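Keeping their order, the protein sequence lines are chains V and C.
Start counting at 1 in the first sequence, then tack on 298, and there's your number in our numbering.
Start counting at 1 in the second sequence, then tack on 600, and there's your number in our numbering.
This report concerns only the one structure given below.
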Amino acid sequence: MTPLPLRRGLPLVAACFLAMLAAVLAAPFLGSTPIALGRVFDRGIPFADNVDAQIFFIARLPRAAAAALVGGTLAAAGVVFQGLLRNPLATPYTLGVSAGASLGAMVAITFNLMLPLGGVAPASLLGALLAVMVVYGLSTVRHRGFSTTVLLLAGVTLNAFFSALILFVQFIGDFAQTYRALRWLMGDLDVADYTPILTALPLVAAAFAVFAWLARPLNLLSMGADAAATRGIDVGRAERLAFFGASLATGAAVSVGGPIGFIGIIVPHLVRLLVGSDHRLVLPASTFFGAAFLVACDAVARIVLAPIELPVGIVTAVIGGPFFLWLLVRKR
Amino acid sequence: MKAILCLVACVAIGPHVIAPYVIAPYVARDFSPASFQAPRRPQRIVSLVPAVTEMLFAMGAGDQVVGVSSYDRHPPEARTRTRLGALVDPDVERMLALKPDLAVVYGTQSDLISRLERAGVPMFSYEHAGLPDITATIRRLGARVGRADEAGRLASRIERDIEAIGSRVGGRLRPRTALIIGREPGALRGIYASAGLGFLHDMLETAGGEDAFADVGRQNLQVSIEVLLARAPDVILEMHPPEAWTPERIARERTLWRALPALPAVRNDRVYILADDVVLVPGPRVAQGIRLIAETLHPAAFRAGGRTP
Numbered sequence: 299m300t301p302l303p304l305r306r307g308l309p310l311v312a313a314c315f316l317a318m319l320a321a322v323l324a325a326p327f328l329g330s331t332p333i334a335l336g337r338v339f340d341r342g343i344p345f346a347d348n349v350d351a352q353i354f355f356i357a358r359l360p361r362a363a364a365a366a367l368v369g370g371t372l373a374a375a376g377v378v379f380q381g382l383l384r385n386p387l388a389t390p391y392t393l394g395v396s397a398g399a400s401l402g403a404m405v406a407i408t409f410n411l412m413l414p415l416g417g418v419a420p421a422s423l424l425g426a427l428l429a430v431m432v433v434y435g436l437s438t439v440r441h442r443g444f445s446t447t448v449l450l451l452a453g454v455t456l457n458a459f460f461s462a463l464i465l466f467v468q469f470i471g472d473f474a475q476t477y478r479a480l481r482w483l484m485g486d487l488d489v490a491d492y493t494p495i496l497t498a499l500p501l502v503a504a505a506f507a508v509f510a511w512l513a514r515p516l517n518l519l520s521m522g523a524d525a526a527a528t529r530g531i532d533v534g535r536a537e538r539l540a541f542f543g544a545s546l547a548t549g550a551a552v553s554v555g556g557p558i559g560f561i562g563i564i565v566p567h568l569v570r571l572l573v574g575s576d577h578r579l580v581l582p583a584s585t586f587f588g589a590a591f592l593v594a595c596d597a598v599a600r601i602v603l604a605p606i607e608l609p610v611g612i613v614t615a616v617i618g619g620p621f622f623l624w625l626l627v628r629k630r
Numbered sequence: 601m602k603a604i605l606c607l608v609a610c611v612a613i614g615p616h617v618i619a620p621y622v623i624a625p626y627v628a629r630d631f632s633p634a635s636f637q638a639p640r641r642p643q644r645i646v647s648l649v650p651a652v653t654e655m656l657f658a659m660g661a662g663d664q665v666v667g668v669s670s671y672d673r674h675p676p677e678a679r680t681r682t683r684l685g686a687l688v689d690p691d692v693e694r695m696l697a698l699k700p701d702l703a704v705v706y707g708t709q710s711d712l713i714s715r716l717e718r719a720g721v722p723m724f725s726y727e728h729a730g731l732p733d734i735t736a737t738i739r740r741l742g743a744r745v746g747r748a749d750e751a752g753r754l755a756s757r758i759e760r761d762i763e764a765i766g767s768r769v770g771g772r773l774r775p776r777t778a779l780i781i782g783r784e785p786g787a788l789r790g791i792y793a794s795a796g797l798g799f800l801h802d803m804l805e806t807a808g809g810e811d812a813f814a815d816v817g818r819q820n821l822q823v824s825i826e827v828l829l830a831r832a833p834d835v836i837l838e839m840h841p842p843e844a845w846t847p848e849r850i851a852r853e854r855t856l857w858r859a860l861p862a863l864p865a866v867r868n869d870r871v872y873i874l875a876d877d878v879v880l881v882p883g884p885r886v887a888q889g890i891r892l893i894a895e896t897l898h899p900a901a902f903r904a905g906g907r908t909p
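Printed below as a string of structure tokens:
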């Protein structure tokens, strides 16, 4: 894994971008229902009567967009968390953000919360924000500044604590609610409209602005905090930004599609195998590849058992689990 | 890792938690330990299945019932009995303390069944299935609790009522209906529909509707927006337990469907939300449930003078 020179890596980033573009453009043409393309784009038929166009524009296009957004965000957040915690096994869910998001969703489902902007998604976003604040508070309270070791411990502990609360909330609910809550945890990208995507977009956009700035600091941080500090990096600030950027992006992504597993770990590692470890290449390539990967997994989930739909989290887990294990064995 | 654990958990407990409205082939068998001679008319019945509790009360065996599940709401008298937990959390200790001479259990409660077996408690095991199984269960249960005549009359009355509804709506155009039994609050996400098996499907077809998912050989399925658009139901019928569904909420949730104007049901303003447990409990009120669905699908058939199609 010798880092490629930046210039030689760029074609690979471009290839990942094209893969994402191809996936997003192709996905709306695939599905359980055959649709007539001529009718989809026929302006002569009123939209309200045009089932083919509605399937294309209401059922499939937002869904492909949601998959791309969630996949790209989780993959990029995975890269940042692995760099921040200097741990190759870190995932976007390591620090309890997804557990917070899940708790919010479980509460909304079990107690039938009606929030503006539609049901469960905003509740899970609030849960994620809560988790981020608690973890950050814990990691700064005992230390002046910000310790990634405490961050990791606090995050993992909070993860376990929130998981216990999730079980408690599910226990309170009745059978049907509990089943729906479990189903939410398997991930679902059938967003029905653009509202959840638009709600998540500002956070995701802000996070990616931070990620763009973070690429160089993360490169230096990978040599260790002290080495980075001697090269003129404000380590505390870079770590804080990495934490908030990646956590908020994760929370936003989970609010759209549920805690879909493995994207945040397998995509960054696959991409590193291709382009090396320079974050200026790994971050954009992971983002594009993660988007393409999740769009493809969702297409599989939609088609393979149609009209019954496989939860997309199962597809990513079936592909991701064995890969993750291979990675573990390979490292030793 | 957590994702894997969650998935394992889902696979392991999914079928149990969704049991009240879904799953599994029909069994209603009566098994008692061979060594145990059950009394002819059990006097201390405990029932963990709300539908069966209703059956017991409806056949006049309410006085013999001493314990019910935590979800029993009907008839009101049942609420006065000791609560014993439910499908996934039966309280065995409290059950045994009642010294039951018959326990009604759900067929998937294998742990509970083996413990009651060891304690020598006779059992009546039950699982939800199709519409004909409801009256069959009533007759079998009646024989088991010494109320065979009353149970037979009750079952025949239900069958007559169902037949009468069937003849009212017979010959009418059967609207293609999507029977929605759950979704996320406030959004058209995580939509579950009744599919081609089970009492909900049977109730819908008896009430003069054509099940939009009749070809799916399961009790329910999660439907994506795409599948819903492709099936183009003429009627959308959401059925929910009454507790959380206030009239204001029903009005608000109905408007969500406007996001899918291509659905004939939306275009023709035929989206209905029924928040009533008569349509969800496969017990002695099932004919009322079918009538409620039939009146919703075919209002003309139930207006005065609407006898002929």
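Positions of the beta carbon are idealized from the N, C-alpha and C atoms, including for glycine.
None of the values given here were measured: they were computed from a predicted structure.
Within chain V, the residues placing a beta-carbon under 9 Å from that of V816 (chain C) are P605, I606, ordered along the chain.
By the neighbour-count definition (other C-beta atoms within 10 Å, threshold 16), A589 (chain V) is a buried residue. In this structure, DSSP gives Q822 (chain C) an extended state, which the three-state scheme calls strand.
Contacts with chain C at 8 Å (Cβ-Cβ) include G329 (chain V). Any Cβ of chain C closer than 8 Å to the Cβ of W511 (chain V) would place that residue at the interface, and such an atom is absent.
A364 (chain V) and I564 (chain V) have their C-alpha atoms roughly 19 Å apart. Within chain V, the residues whose beta carbon sits less than 8 Å from that of A832 (chain C) are V349, listed in sequence order. Membership of S575 (chain V) in any alpha helix (DSSP H) is not indicated, and neither H nor E is assigned to it by DSSP. Counting along the chain, the unbroken beta strand (DSSP E) around I780 (chain C) starts and ends at 776-782. Considering only C:T855, C:L797, C:L892, C:I780, the residue with the shortest C-alpha distance to G808 (chain C) is C:L892. For G417 (chain V), the C-beta contacts it makes with chain C under 8 Å involve E784, P785, G786, A787, R789, in order along the chain. Close to A490 (chain V), with beta-carbon spacing below 7 Å, are these residues of chain C in chain order: A787, L788, R789, I825, A859. Cβ contact annotation for L821 (chain C) (same chain, cutoff 8 Å, sequence separation greater than five): Y792, A793, A795, F813, in chain order. For Q709 (chain C), none of the residues of chain V pass the 8 Å Cβ criterion, the least Cβ distance being about 13 Å. Neighbours of A778 (chain C) in chain V, taken as residues whose beta carbon is under 9 Å from its own, are absent, since the nearest beta carbon is some 12 Å off. Boundaries of the alpha helix (DSSP H) harbouring G425 (chain V): 418-439, taken from the DSSP string.
Closest in C-alpha terms to M839 (chain C), from the list C:R903, C:I825, C:L800, C:G766, comes C:L800. The shortest C-alpha to C-alpha distance from L413 (chain V) to any of C:V881, C:E784, C:D749 is the one to C:E784.
Contact of R867 (chain C) with chain V is assigned, a C-beta pair being separated by under 8 Å. Between the alpha carbons of F591 (chain V) and M318 (chain V) lies a distance of about 8 Å.
DSSP places G543 (chain V) in the helix class (H, G or I) of the three-state scheme.
When only Cα atoms are considered, S710 (chain C) and G435 (chain V) end up about 46 Å apart.
The CB of Q822 (chain C) comes closer than 9 Å to the CB of R481, D486, D488, I606, E607, P609 in chain V, given here in chain order.
Scanning chain C for C-beta atoms nearer than 7 Å to the C-beta of I353 (chain V) yields E826, L829, A830, reported in chain order.
If you keep only unbroken alpha helix (DSSP H) runs of at least 4 residues inside the stretch 309-381 of chain V, you get 335-338, 349-352. Taking C-alpha positions only, V573 (chain V) is separated from V879 (chain C) by approximately 59 Å.
Under the Cβ distance rule, I407 (chain V) counts among the residues neighbouring chain C, one pair being separated by less than 8 Å.
Taking the Cα of A324 (chain V) as reference, the smallest distance to any Cα among V:Y391, V:V593, V:N457, V:L465 is reached at V:V593. The beta-carbon distance between R789 (chain C) and A490 (chain V), rounded to whole angstroms, is 6 Å. This is short enough to meet the 8 Å contact definition.
Below 8 Å, enough C-beta pairs join the stretch 358-377 of chain V and the stretch 547-567 of chain V to call them touching: three or more.
Residue pairing by DSSP places L702 (chain C) opposite C:I645 in a beta bridge.
Residues of chain V whose Cβ lies closer than 9 Å to the Cβ of L687 (chain C) are, in chain order, F473.
Spatial neighbours of A743 (chain C) in its own chain (CB-CB distance under 8 Å, excluding positions within 5 residues in sequence) are listed in chain order as A751.
Chain V places a beta carbon closer than 8 Å to that of A844 (chain C), counting this residue as a contact.
Remark: C-beta atoms of G394 (chain V) and A421 (chain V) do not approach each other more closely than 8 Å.
Excluding residues up to 5 positions away in sequence, V881, P882, G883 lie with their Cβ nearer than 6 Å to the Cβ of A651 (chain C) in the same chain.
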